[in-house]
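Novice: Just so you know, the numbering used here puts 458 at position 356 of the sequence shown, and the rest follows in order with no gaps. To start, I am sharing the structure in question, which I have written as structure tokens.
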Amino acid sequence: MKEDLLQYLWKYKKFELSNLKTTKQESLLLQQVGLHNTDHSGPDFFNARLIINGQKWAGNVEIHIRSSDWYVHNHENDPAYDNVILHVVWEDDIEIFRKDNTIIPTLQLKDYVSHEILNRYKKLFTESNKHWIGCEKQLPYISNFVLSNWQERLYLERLEQKSSHITALLNQSANDWEAVLFKLLAKNFGLKVNGDAFFSLANSINFSTLRKCSIACEKLEALFFGQAGFLEQDYENEYAKSLKKEYVFLKSKFQLDTQGILPFQFFRLRPSNFPTIRLAQLAMLYFNNNQLFSSIIHINNIEDFYTLFSVEASSFWENHYTFQKESKIRRKKITKSFVDLLLINTIIPIKFLHARSIGRYPDDEVFKLISQLSKEKNSIVDKFEGLKIPIENALHSQAMIQLKSRYCDQKACLKCAIGNYLLNGD
103 MKEDLLQYLW KYKKFELSNL KTTKQESLLL QQVGLHNTDH SGPDFFNARL IINGQKWAGN
163 VEIHIRSSDW YVHNHENDPA YDNVILHVVW EDDIEIFRKD NTIIPTLQLK DYVSHEILNR
223 YKKLFTESNK HWIGCEKQLP YISNFVLSNW QERLYLERLE QKSSHITALL NQSANDWEAV
283 LFKLLAKNFG LKVNGDAFFS LANSINFSTL RKCSIACEKL EALFFGQAGF LEQDYENEYA
343 KSLKKEYVFL KSKFQLDTQG ILPFQFFRLR PSNFPTIRLA QLAMLYFNNN QLFSSIIHIN
403 NIEDFYTLFS VEASSFWENH YTFQKESKIR RKKITKSFVD LLLINTIIPI KFLHARSIGR
463 YPDDEVFKLI SQLSKEKNSI VDKFEGLKIP IENALHSQAM IQLKSRYCDQ KACLKCAIGN
523 YLLNGD
């Protein structure tokens with residue numbers, strides 16, 4: 103038996119409510135279970151309302167596996183528990199007293215819970231130790247209505263999670279949305295392998311410096327490549343020589359510092375994802391759009407986003423992937439699939455947070471936008487599809503990533519809509 107199951111049973115009234123009695127055989131009528139305390143120390147449920155032997159009570163409820171856990175956790179010395187009006191336990195093994203020596207009424211929950219729900223719970227958590235996720239055998243039979251609603255809630259939860267990171271960056275930059283957008287886009291341009299390195303580079307550049315350099319693509323390239331350390335060598339081609347000369351000037355003028363910038367990786371990357379190519383594309387993007395944040399806030403159409411981000415690296419990179427070796431001529435243009443990643447990981451989250459910051463709730467707009475994007479391709483999505491879960495777009499793939507990482511991996515079945523559905527036997 104686990105305490106989170108008892109909290110679940112109490113919160114959702116998953117026990118026989120008629121003829122409830124305390125361990126002292128006092129009649130117990132449950133009016134309100136109270137507000138579940140998930141964020142703070144103190145009792146498990148606040149502001150419950152009960153009637154015990156005809157007497158109305160309003161206060162808090164504490165839940166334990168055994169009554170004696172009250173003393174194990176030293177609640178008798180904590181004023182936060184002075185207003186507990188009911189102790190809900192699985193097994194009553196000792197009487198619990200208030201400071202004035204009156205007994206705190208106790209409900210022994212095992213007397214009122216059906217064996218059926220306990221068996222479902224046991225099956226769910228026993229299977230979780232044998233399979234990729236605990237409910238994988240039952241998952242294909244989940245109601246489409248339950249699954250669809252849960253996917254929307256999971257995606258919003260994921261957006262909220264990403265919003266907290268964006269909020270922290272805004273606090274650090276005096277609410278400069280353009281500067282924060284640049285940092286997030288830079289991280290995305292680095293993808294998984296170089297994301298942290300790109301982010302460290304973006305943090306090394308004051309956004310006012312980027313604005314001043316955006317008058318010419320070559321200045322932005324010199325700024326980015328110089329800060330990345332790619333101009334430290336002596337190259338023979340005139341393009342690299344010109345960038346190096348420009349960077350020396352910029353470094354002196356803006357007092358640029360490269361301490362804290364992480365190394366960039368080329369190993370095991372496709373050439374189109376080399377950091378040189380992605381930095382060149384990022385430079386061209388900001389040369390073409392010096393008010394990028396304003397643009398993404400006002401765009402709500404996928405095709406318009408594809409147009410906005412339809413940029414390619416400057417002409418030198420048509421036959422180069424690095425500063426040294428020439429390659430076959432190929433335009434280094436940002437692809438639609440790459441724009442999809444930018445939309446999923448940065449653009450939609452920042453639009454979502456900005457709308458909420460000005461008092462709008464853009465949930466429907468967000469659902470419409472994310473639903474137009476293709477599903478992501480990764481092992482989690484592949485596994486869920488193998489379990490016959492329909493994943494048709496990026497909303498679904500983002501939701502299932504959230505489900506796996508925040509619920510399945512944490513064995514948080516009792517907080518999951520699918521877990522609740524299975525426990526209830528619906």
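Where is the CB? At the ideal position from N, CA and C, for every residue including glycine.
Can you check whether the CB of W252 is closer than 9 Å to the CB of A519?
Specialist: Yes, these two residues count as a Cβ contact at 9 Å.
Novice: Based on the DSSP secondary-structure assignment, which residues constitute the bridge partners of I165?
Specialist: In the DSSP output, where bridge partners are listed per residue, I165 has V190.
Novice: Express the C-alpha separation of P464 and L108 in angstroms, rounding to a whole number.
Specialist: About 36 Å.
Novice: In the DSSP output, what is E428 paired with across the bridge?
Specialist: BP columns for E428 point to H422.
Novice: What residues in its chain sit with their C-beta under 6 Å from that of F395, if we drop five residues either side in the sequence?
Specialist: Here the set comprises W279, E280, L283.
Novice: Roughly how many angstroms lie between the CA atoms of F332 and F300, to the nearest whole one?
Specialist: Their backbone Cα atoms lie some 13 Å apart in a straight line.
Novice: With distances taken between CB atoms, is the gap from L256 to Q426 smaller than 9 Å?
Specialist: Result no, Cβ atoms of L256 and Q426 do not sit closer than 9 Å.
Novice: Around the C-beta of M103, are 16 or more other C-beta atoms found within 10 angstroms, so that it is buried, or is it exposed?
Specialist: Flag for M103 reads exposed.
Novice: Between the C-alpha atoms of I187 and F199, what's the straight-line distance to the nearest angstrom?
Specialist: Straight-line Cα distance between these residues: approximately 11 Å.
Novice: Helix, strand or coil: how does DSSP classify K158 here?
Specialist: Of the three classes helix, strand and coil, the one that applies to K158 here is strand, per DSSP.
Novice: Would DSSP call K435 helix, strand or coil?
Specialist: It is a strand residue.
Novice: Nearest-angstrom Cα distance between I399 and D359?
Specialist: About 32 Å.
Novice: DSSP state of T208, grouped into three classes?
Specialist: Correct three-state label for T208: strand.
Novice: Kindly provide the ranges of any alpha helix (DSSP H) runs that are 4 or more residues long and lie completely inside the region 480-511, ordered along the chain.
Specialist: Within the region 480-511, the complete alpha helix (DSSP H) runs of at least 4 residues are 481-488, 496-505.
Novice: For W112, count the other beta carbons within 10 Å of its own beta carbon; 16 or more makes it buried, fewer makes it exposed. Which is it?
Specialist: With 16 or more Cβ atoms within 10 Å of its Cβ, W112 is classed as buried.
Novice: Taking 7 Å as the limit between beta carbons, can you name the residues of its chain near S169, skipping five residues before and five after?
Specialist: Excluding residues within five positions, the ones whose Cβ falls inside 7 Å are H189, V191, D194, D195, I196, I198, T208.
Novice: Just mark N296 as buried or exposed, buried being the case when its beta carbon has 16 or more other beta carbons within 10 Å.
Specialist: Buried, since its Cβ has 16 or more Cβ neighbours within 10 Å.
Novice: Fully enclosed by the region 325-398, which alpha helix (DSSP H) runs are 4 residues long or longer?
Specialist: Segments of the alpha helix (DSSP H) lying fully in the region 325-398: 340-355, 377-390.
Novice: Just the Cα atoms here: how many angstroms apart are S266 and P451?
Specialist: Approximately 10 Å, taken between the alpha carbons.
Novice: For T424, which residues from the same chain have a beta carbon less than 6 Å from its beta carbon, with the 5 sequence-adjacent residues on both sides left out?
Specialist: Cβ neighbours of T424 beyond the five flanking positions: T378.
Novice: Exposed or buried, which one is S439 when buried takes at least 16 other CB atoms within 10 Å?
Specialist: Looking at its Cβ environment, which holds fewer than 16 other Cβ atoms inside 10 Å, S439 is exposed.
Novice: Might you give, ordered along the chain, the residues of its own chain that have their beta carbon closer than 8 Å to the beta carbon of N390, omitting 5 neighbours on each side?
Specialist: So the list reads V413, once near-sequence residues are dropped.
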